[in-house]
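In the order they appear, the protein sequences are chains G and B.
For the first sequence, this note's numbering gives the first residue as 1353, with consecutive numbering after it.
For the second sequence, this note's numbering gives the first residue as 381, with consecutive numbering after it.
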Amino acid sequence: MSALDLSSLSARQVRDGVAAGDFSARELADASYARIQALDADVHAFLQLTPALAYEAADRIDAARVAGEELPPLAGVPAGIKDNMNLIGTRTTCASRMLESYESVYDCTAVRRLLDAGALPIGKLNMDEFAFGSSTENSAFGPTRNPWSLDCVPGGSSGGSAASVAAGMVSISLGSDTGGSIRQPAALTGTVGLKPTYGRVSRYGVVAFGSSLDQIGPFGKTVDDAALALEAIAGEDPYDATSAAATVEPYAAVLDGDVRGLRVGLVTDILEVEGCAAEVRQSVLDAAKMFAALGADVAEVTLPSAKHGLAAYYVIGPAEASSNLARFDGIRYGHRVDDAADVIDLYSRSRTEGFGPETIRRIMLGTYALSAGYYDAYYGQAQKARTLIIQDFRKAFEQFDVLLTPTTPEPAFRFGEKSDPYTMYLNDFYTIPVNLAGNCAISVPSGLCSESGMPLGLQIIGDHFAETTVLRAAAAYEKALGFDTTPPLVRGRV
Amino acid sequence: MAKDRLLDVLERYEAVIGLEIHTEITAANTKMFCGCPVAFGGEPNTRVCPVCLGLPGALPVPNEAAIEWTVLAGLATDCDIALWSQFHRKQYFYPDMPKDYQISQYDLPFCSGGVIEVEVDGPGVAERIDLGGDAVSVGPGAVAEDGGYRTRIGITRIHLEEDTGKMVHVGGSEGRIAGATHSLVDFNRAGTPLMELVSEPDIRTPEEARRFAQKLRSIWLALGVSDCSMEEGSMRVDGNVSIRPRGATELGTKSEVKNMNSFKALHDALAYEIVRQADLLDAGEVVVQETRHWDATARRTSGLRSKEEAHDYRYFPEPDMVPFSFTPEWIEGLAAGLPELPDARRDRYMVDYALPKGDAAMLAADTATGCYFDATVDIAGADRAKQVANWMLGDLTAHVNAAGIGMGDARVTPALLAELIGLVEDGAISGKQAKQVFAEAAETGDAPGAIVEARGMKQVSDTGAIEAVVAVVLEANPAEVESYRAGKTSVIGFFVGQVMREMRGQGNPAVVNEVLRRMLG
Chain G
1353 MSALDLSSLS ARQVRDGVAA GDFSARELAD ASYARIQALD ADVHAFLQLT PALAYEAADR
1413 IDAARVAGEE LPPLAGVPAG IKDNMNLIGT RTTCASRMLE SYESVYDCTA VRRLLDAGAL
1473 PIGKLNMDEF AFGSSTENSA FGPTRNPWSL DCVPGGSSGG SAASVAAGMV SISLGSDTGG
1533 SIRQPAALTG TVGLKPTYGR VSRYGVVAFG SSLDQIGPFG KTVDDAALAL EAIAGEDPYD
1593 ATSAAATVEP YAAVLDGDVR GLRVGLVTDI LEVEGCAAEV RQSVLDAAKM FAALGADVAE
1653 VTLPSAKHGL AAYYVIGPAE ASSNLARFDG IRYGHRVDDA ADVIDLYSRS RTEGFGPETI
1713 RRIMLGTYAL SAGYYDAYYG QAQKARTLII QDFRKAFEQF DVLLTPTTPE PAFRFGEKSD
1773 PYTMYLNDFY TIPVNLAGNC AISVPSGLCS ESGMPLGLQI IGDHFAETTV LRAAAAYEKA
1833 LGFDTTPPLV RGRV
Chain B
381 MAKDRLLDVL ERYEAVIGLE IHTEITAANT KMFCGCPVAF GGEPNTRVCP VCLGLPGALP
441 VPNEAAIEWT VLAGLATDCD IALWSQFHRK QYFYPDMPKD YQISQYDLPF CSGGVIEVEV
501 DGPGVAERID LGGDAVSVGP GAVAEDGGYR TRIGITRIHL EEDTGKMVHV GGSEGRIAGA
561 THSLVDFNRA GTPLMELVSE PDIRTPEEAR RFAQKLRSIW LALGVSDCSM EEGSMRVDGN
621 VSIRPRGATE LGTKSEVKNM NSFKALHDAL AYEIVRQADL LDAGEVVVQE TRHWDATARR
681 TSGLRSKEEA HDYRYFPEPD MVPFSFTPEW IEGLAAGLPE LPDARRDRYM VDYALPKGDA
741 AMLAADTATG CYFDATVDIA GADRAKQVAN WMLGDLTAHV NAAGIGMGDA RVTPALLAEL
801 IGLVEDGAIS GKQAKQVFAE AAETGDAPGA IVEARGMKQV SDTGAIEAVV AVVLEANPAE
861 VESYRAGKTS VIGFFVGQVM REMRGQGNPA VVNEVLRRML G
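Below, the structure is given as C-alpha cells:
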C-alpha cells in the first residue's frame, strides 16, 4: 500500500504536490487503486476500473513535470466518472443490463475537458440504472454502500460518484443531476456536490435522461475542489446546442470566505414538508444564523410553487426519458434477444429483459403522459407548473443572491427502507425545483445527525450562471462550520 | 388502364387530391443535426457519426443553412414565415430511425399558408370534366389561354425534419419486406435535411397533381435548394386521394399512395387509384383508409397494410434545442436574395423579347439556362434575343445534352454565342457556315471570329465577284436557263446550288439569289 492517503488530501493539495514534485502522478494513481482495493469490496462505488487509461495519463503528467512544462490545473488528480458518460476505452453501461457490454466510441465533452485538465481517469462509477433513483439500489450490478455506514444507501443516482469521493478513493468525481442526483448523494455522504446552471456544462456524451433537466457536475471533499473541477468542465460546446456562451469564471480564485452584504434568503414555506426531520430543519436555521454572523443580510423568503415541483418533475422527467430511452431497441447496440420472431418481438423482449423495473416504470409513465388525449392534462399541465416555479425563483433572485434549503428531508436511509416509489421520490423534494428552473445549486455538508451519525446537507441555490456566488457562500459556510469530511469507517480501515 | 376509364369515372365523381412532397436539401452539404456530408449512395454506413447513428449521449445541433433554405423555399411559394418556431420529436419505433424518434416539426413549422399557380394545357385539360373542354378559367386571377387553364393550389405548410436511413430487405421478392428473412440498414441517408411540403386538398385531377409537382420542382431548382431527383429519392411525392359523387360536399375516405418515382408515375398512380375507388363505390363497397404502394411495372397500387395503424406519435417539443426566433429583418434579407423564379422569368422573356410562350418557358425552366440566355442577350442586344433563343434551344441544347454537361459548362460561352450570332446577322457568314463554326467552337472553345478567319470562311457579298460566277454557271447550263425563262422558276434552286459550289459555300445566299434573278430575268 502506498504511503499516500488520498482521503487526507484535497484535489488542490494533490495537484500542488504534483507540481512541487512531492509525489508523482503515478504514485497518486497507485494510492487511488490501493484504496479501491481495500474498500471497494464493501462500498462498491466502481463498476469498472481503467488503470491503463489512468497510468497513461499519469505518465504524461510526470513526463511533463520532468520536462519542466507548465502543468494543467488538475494535474495528477485521481477522478472517477459516473458510468453514464462516454469515454473511449471504457464501457458506458448506465448500470443497466441493456448496455452491459456497450463500448464508447466517442468522448463526453465534460469528461474530455476534465482529462485535458490533467485528471487521472481511475474508473467508471456505479449509479441507479439510467440515473433513475435516489439510492443506487436500482443499479443492475448491485448497490453502492455509504462509507459512513455500510447499512445505508449513499443516495443516488450518482451514488458511486459520492461514495468514491467520501471514501477517499478519488479526489473528485463527475456526476449528473436531473432532479437531485448530485446534491442528494453529496448530502448523504458528507461530500460537496454542485449542480451547475442548465447550459453551463455541455451534455454531449452523457446518456440523456431528462434533456431539459440534465446537468453534469462535480463532487469533491471541499467547495474549492468542486470549484476547480467546474472550471475544467464548464463552457460552451459546439456539440450541445443548449450549452451557454456565458463566461466561465475562475471559480476557485474567489473563495475568500467573505460573505458580508451577501443577500441570503431562508426558504421557509417548504421547510415543513412531509417527512422533513426536525434536525434537518434546525440545521438550515443554524446555517442561516451562521451566515448572519458572517455579515450576510439574511431574510426569509417563500417559493409558493416549489411544492408542485415533485409532481411536475415526475411527468416531465419520465416524458423526456421515455423518448430518450427509445433508442435502446436492440437493433444497433445493446441487449438483444437472439430468437425474435419479428421486429416488434425483438423490440419488446429486448427492452423487457434489458431494463430494470424502475426504468420500465419511468418509460411507462412518460409514454402515458405524452399520449394523445393525455398530453394537455399531464405534460401541458406540468409545463405550466414549471413556469410558475421559474417565476418563483426569478422573483426570489430579484431580492436575494442565494437561497437556503435542506438538500434532503432526512439523512441517509437503510437499504430497502423505501420500498414504495413515492417515498423514495420525496427524497428529491428540495432539489427538483432547481432543475425545473434551470438554476445552479450546491450541497455542502451541514453536520451529522445526532441520532444516526449520518451526514446532513445544506442546499445553497443561486441564480442562473451565478456559480461564483453560490461557491463563495458555500466556501464561507464550510470554513465557518469546520466539518470533518472523513467517515469514521474509512479512517478506521486505512 | 385506359385513359377513357379515368375520364368516364371523372364524369361521375370528383377527385380530391392533396400531395405531400419530401425534398432533401442537397444544397445544405451537411446533415441536419451533425457534420456528416449529404450525398447519394456510397458504401453503406460510411457517412455516419455518433449523432446520426443515435448513439447514447449524442446531441443534435441544427444546421442553420438548412433552415435558411427552408425559409427561402417558403418565401418562393408565398408562405408566411413563422417568427417563432421549434422542432418536435415524432416518436415511433422503426429500424431505419436510429433514435426511434424523428426530429421534425409539429404545430410550429417554419413556413405555412402558401400558394402555387399551376397551368394545365394539352390533353390533360380534358381531365377537368367540370370545366367542359377548351378555353377555361379557374380560380382567382386565372387566365384562359392556349385552350388551357390555370388553377391555384394552396400550400398548408413546409416544415423541416431529418431523413431516415434506408432498409434493404433480404430474402423476399424484389427487396420488399414481404417474405424477407432479414433486413439490413444503411444510415448514410439518416439525418439528411428534409423539407416536407403539404398541399391543401385543392387538386382535382391527376394532371393537376403532376403539374403541381413539376412546378414545385422547377422552383426548387431555381432556388438551388435541391437536385430534386425523383429517381434517387431526393424528391419524393406521396398523394392523398379520395373521390366523391359530383355535387357532394362531404369528403370520401382517402388512400395514401406512395412510391411514385417519376411525374408520369404520379399521374398514373393517382389515375389508377381514382378508378379503383370508383369501382369499389360502384360495386357498393367502401374505400378503406390505407397506404398503398404504386408498382410501376404492374401499373397498379397495392395495400401496404391490411389495416391502418392508429399511430400516436406522442409529439413533444425537442428539448435538445432552444426554439428559433426570427426577426422580420432577417426574413426580408433572405427574401431580397431570392432568385427570379421560373414563372416570372418566362413572363419577362415573353414581354421583353416577344418570345413564344413555349420557348420562353423552356429557357426559364432552370436557372442555369435562364442565366445563360440573359448573359447572351446582354451582349448580343435585345433585338437579337430571338436568334439567341433559337441557338440555345437548337444547337446548344443538343450539344450540352450530347456532352452530358450543364448549360453553364458549355465551352461556347454567352460571349462566344453572341459573337457568332453577330457574324451571321452582319452577313459575314451564312447560317450554314455558322453551324460549322458553332460545332468547332463547342469543341475547342475558340472564338467564332477566329475560326472564320482560320478556315477562310468569310462570306462573299461582293456583287461583282458573284456576277462573274453566275455568268459562268448560266453559260454552262443553257437548258436550265431556257426552262427558267419558260416559266419554271423553281430551277432557281439548282442555280443557287451551282453558284455556291463554285464559291465553296462562301457566297452570301441573299446576294446570290438577287444576282441570279436579275441575270436570268
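All C-beta atoms, glycine included, are put in the ideal place defined by N, C-alpha and C.
If we count the other Cβ atoms within 10 Å of its Cβ and call it buried at 16 or more, is S1554 of chain G buried or exposed? Translated into the one-based positions of the first sequence, residue 1554 of chain G becomes position 202. Result: buried.
What residue range does the beta strand (DSSP E) around T1704 of chain G cover? Looking up residue 1704 of chain G in the first sequence gives position 352. Run containing T1704 of chain G: none in the beta strand (DSSP E); it sits in the alpha helix (DSSP H), 1695-1706.
With C-beta atoms as the reference, is R1541 of chain G less than 8 angstroms away from N1498 of chain G? If you number the first sequence from 1, residue 1541 of chain G lands on position 189. If you number the first sequence from 1, residue 1498 of chain G lands on position 146. Checking the sequence, you will find Thr at residue 1541 of chain G rather than Arg. Result yes, Cβ atoms of T1541 of chain G and N1498 of chain G sit closer than 8 angstroms.
Is A515 of chain B helix, strand or coil by DSSP? Looking up residue 515 of chain B in the second sequence gives position 135. Because A515 of chain B sits at a pLDDT of 42, beneath the cut-off of 50, its placement in the model cannot be relied upon, and the point is left open.
Let me confirm a value: P1709 of chain G is counted as buried when at least 16 other C-beta atoms fall within 10 Å, else exposed. Which label applies? The residue given as residue 1709 of chain G occupies position 357 in the first sequence. Burial call: exposed.
In whole angstroms, what is the alpha-carbon distance linking G571 of chain B and F1765 of chain G? Indexing the second sequence from 1 puts residue 571 of chain B at position 191. Indexing the first sequence from 1 puts residue 1765 of chain G at position 413. One C-alpha to the other measures close to 46 angstroms.
T1820 of chain G, DSSP secondary structure in three states: Translated into the one-based positions of the first sequence, residue 1820 of chain G becomes position 468. Correct three-state label for T1820 of chain G: helix.
When you compare the CB of Y1352 of chain G with every CB in chain B, is at least one pair closer than 8 angstroms? Outside the shown range of chain G (1353 to 1846) lies residue 1352 of chain G, about which nothing can therefore be said.
To the nearest angstrom, report how far apart Q1536 of chain G and G1809 of chain G are at their CA atoms. Within the first sequence, residue 1536 of chain G is the residue found at index 184, counting from 1. Within the first sequence, residue 1809 of chain G is the residue found at index 457, counting from 1. Distance between the alpha carbons of Q1536 of chain G and G1809 of chain G: 8 angstroms.
Along the chain, where does the beta strand (DSSP E) containing Y393 of chain B start, and where does it finish? On the second sequence, residue 393 of chain B is found 13 positions in, with the first residue counted as 1. Note, Y393 of chain B: beta strand (DSSP E), 393-404.
Output, in sequence order along the chain, the residues in the segment 463-480 of chain B whose CB is closer than 7 angstroms to any CB in chain G. R469, Q471, F473, P475, P478, K479, D480
Take every Cβ of the segment 663-673 of chain B, pair it with every Cβ of the segment 393-412 of chain B, and state whether three or more of those distances are shorter than 8 angstroms. no
Buried/exposed call for P1343 of chain G, threshold 16 Cβ in 10 Å: In this structure chain G extends from 1353 to 1846, so residue 1343 of chain G is not present and cannot be described.
Can you tell me the Cα-Cα spacing of G1369 of chain G and L1467 of chain G, whole angstroms? The count along the first sequence starts at 1 and reaches residue 1369 of chain G at position 17. The count along the first sequence starts at 1 and reaches residue 1467 of chain G at position 115. Answer to the nearest angstrom: the Cα atoms are 18 angstroms apart.
For S1595 of chain G, name the three-state secondary structure that DSSP assigns. Locating residue 1595 of chain G in the first sequence gives position 243, counting from the first residue. In the structure shown, S1595 of chain G sits in coil (DSSP, three-state: anything other than H, G, I, E or B).
Are the C-beta atoms of P1590 of chain G and some chain B residue less than 8 angstroms apart? Residue 1590 of chain G sits at position 238 when you count from the first residue of the first sequence. Output row for P1590 of chain G: interface = yes.
Since S1675 of chain G is in the alpha helix (DSSP H), which residue starts that stretch and which ends it? In the first sequence, the residue the question calls residue 1675 of chain G occupies position 323. First-last of the alpha helix (DSSP H) with S1675 of chain G: 1661-1676.
Opening and closing residue of the alpha helix (DSSP H) in which T1541 of chain G lies: Counting from 1 along the first sequence, the entry for residue 1541 of chain G is found at position 189. From DSSP, the alpha helix (DSSP H) with T1541 of chain G extends over 1535-1541.
Would E1652 of chain G be called buried (16 or more neighbouring beta carbons within 10 Å of its own) or exposed? If you number the first sequence from 1, residue 1652 of chain G lands on position 300. Label assigned to E1652 of chain G: exposed.
Along the chain, where does the beta strand (DSSP E) containing R496 of chain B start, and where does it finish? Residue 496 of chain B sits at position 116 when you count from the first residue of the second sequence. A small correction: the amino acid at residue 496 of chain B is Ile; Arg does not occupy that position in the sequence shown. Looking at the DSSP string, the run of the beta strand (DSSP E) that includes I496 of chain B is 491-500.
For G454 of chain B, the three-state DSSP class (helix, strand or coil): Along the second sequence, read from residue 1 onward, the residue named residue 454 of chain B stands at position 74. Here G454 of chain B sits in helix by DSSP.
Does the segment 1653-1662 of chain G touch the segment 453-466 of chain B, meaning 3 or more C-beta pairs lie closer than 8 angstroms? no
According to the Cβ coordinates, are V1632 of chain G and P1797 of chain G closer than 8 angstroms? Within the first sequence, residue 1632 of chain G is the residue found at index 280, counting from 1. Within the first sequence, residue 1797 of chain G is the residue found at index 445, counting from 1. Not closer than 8 angstroms, so no.
Short of 7 angstroms Cβ to Cβ, which residues in the segment 690-722 of chain B face chain G? D692, R694, F696, P699, D700, M701, V702
Under 7 angstroms from the C-beta of A442 of chain B: neighbouring residues of chain G: Position 62 of the second sequence, counting from 1, holds the residue named residue 442 of chain B. The amino acid at residue 442 of chain B is misidentified as Ala; the sequence shows Pro. Those are A1593, listed as they occur along chain G.
I want to know whether the segment 1416-1436 of chain G touches the segment 1504-1513 of chain G - three or more CB-CB distances under 8 angstroms. yes
Report yes if the C-beta of E1710 of chain G is less than 7 angstroms from at least one heavy atom of the ligand MG; otherwise report no. For the ligand MG, the structure offers nothing, since it holds no ligand at all.
Just the chain G side, please: which residues come within less than 7 angstroms of G434 of chain B by C-beta, in chain order? Position 54 of the second sequence, counted from the start, is the residue given in the question as residue 434 of chain B. The contacting residues are R1679.
Under a CB-based cut-off of 8 angstroms, is E1672 of chain G close to chain B? In the first sequence, residue 1672 of chain G corresponds to position 320, counting from 1. Answer yes: the Cβ-Cβ gap between E1672 of chain G and chain B drops below 8 angstroms somewhere.
Have a look at the DSSP bridge pairing and note the partners of S1448 of chain G. Taking the first sequence and counting its residues from 1, one reaches residue 1448 of chain G at position 96. According to DSSP, which records beta bridges pairwise, S1448 of chain G is partnered with nothing at all.
If I'm right that G1593 of chain G touches V702 of chain B with Cβ under 8 angstroms, what's the distance once you round it to whole angstroms? By one-based count along the first sequence, residue 1593 of chain G stands at place 241. By one-based count along the second sequence, residue 702 of chain B stands at place 322. Going by the sequence as given, residue 1593 of chain G is Ala instead of Gly. With 8 angstroms as the limit, A1593 of chain G and V702 of chain B qualify as a contact, their Cβ atoms being about 7 angstroms apart.
How would you label M1776 of chain G, buried or exposed, when you count the other beta carbons within 10 angstroms and need 16 or more for buried? On the first sequence, position 424 is the one that residue 1776 of chain G refers to. Classification for M1776 of chain G: buried.
Using three-state DSSP, classify G1609 of chain G as helix, strand or coil. As a first step, residue 1609 of chain G is located in the first sequence; it is residue number 257 there, counting from the start. Correct three-state label for G1609 of chain G: coil.
Which of the three DSSP states is assigned to A1651 of chain G in this structure? The count along the first sequence starts at 1 and reaches residue 1651 of chain G at position 299. Strand.
Simplified DSSP state of A866 of chain B, which is helix, strand or coil: Counted from its first residue, the second sequence places residue 866 of chain B at position 486. In the structure shown, A866 of chain B sits in coil (DSSP, three-state: anything other than H, G, I, E or B).
Buried or exposed: where does Q1389 of chain G fall if 16 or more other Cβ atoms within 10 Å of its Cβ makes it buried? Stepping through the first sequence from its first residue, residue 1389 of chain G is reached at position 37. When all chains shown are included, Q1389 of chain G counts as exposed.
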